[in-house]
Amino acid sequence: MTQLKRFMIERDIPAIGQMSVTELCGAARASNQALDQIGTGIQWLQSYVARDKTFCIYLADSEATIRKHAELSGIPVAAITEVPQVIDPLTAKS
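Each residue of the sequence shown is one higher than the last, beginning at 87 in this note's numbering.
Dropping the structure here:
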């Protein structure tokens with residue numbers, strides 16, 4: 087099994103911060119359908135919605151798989167950044 091890496095995907099989506107819960111549910115459904123089509127090699131963890139952007143955290147085997155997801159879901163990608171490490175308040179206690 088391929089090791090999945092953590093990625094942050096930045097998406098430019100005008101006025102997404104003002105979308106209703108119903109509209110956001112539609113976007114989530116489109117994402118989930120694309121994930122089902124791809125099968126393995128990608129997992130959506132969560133997304134942060136802010137003004138005209140979303141910042142999505144995914145586990146994936148490659149950038150190519152993330153781009154395939156964007157194509158299938160119809161949700162554009164502005165930037166993909168691999169996130170090899172995460173720190174939080176507990177990191178200071180290590």
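Glycine included, each C-beta is placed from N, C-alpha and C at the ideal position.
### Task
Go through its chain and collect everything with a Cβ distance to Pro100's Cβ below 6 Å, but skip five positions before and after it.
Stepping through the sequence shown from its first residue, residue 100 is reached at position 14. Asp138.
### Query
Cα separation between Glu109 and Arg97?
Locating residue 109 in the sequence shown gives position 23, counting from the first residue. Locating residue 97 in the sequence shown gives position 11, counting from the first residue. About 16 Å.
### Task
For the alpha helix (DSSP H) containing Ile152, list its first residue and its last residue.
Here the question's residue 152 lines up with position 66 in the sequence shown. 149-159 is the span of the alpha helix (DSSP H), which, as asked, contains Ile152.
### Query
If we call anything under 9 Å between Cβ atoms a contact, is Ile161 one with Glu149?
As a first step, residue 161 must be located in the sequence shown, where it is residue number 75. As a first step, residue 149 must be located in the sequence shown, where it is residue number 63. No.
### Query
Quick one: what's got a C-beta closer than 8 Å to Ser117's C-beta in the same chain, skipping five residues either side?
Locating residue 117 in the sequence shown gives position 31, where the first residue counts as 1. Around Ser117: Trp130, His155, Ser159, Ile161.
### Task
With a 10 Å radius around its C-beta and 16 neighbouring C-beta atoms as the bar for buried, classify Ser133 as buried or exposed.
The sequence position of residue 133 within the sequence shown is 47, counting from 1. So Ser133 counts as buried.
### Query
Under three-state DSSP, which class holds Val135?
Against the sequence shown, residue 135 aligns to sequence position 49. In this structure, Val135 counts as strand in the three-state DSSP scheme.
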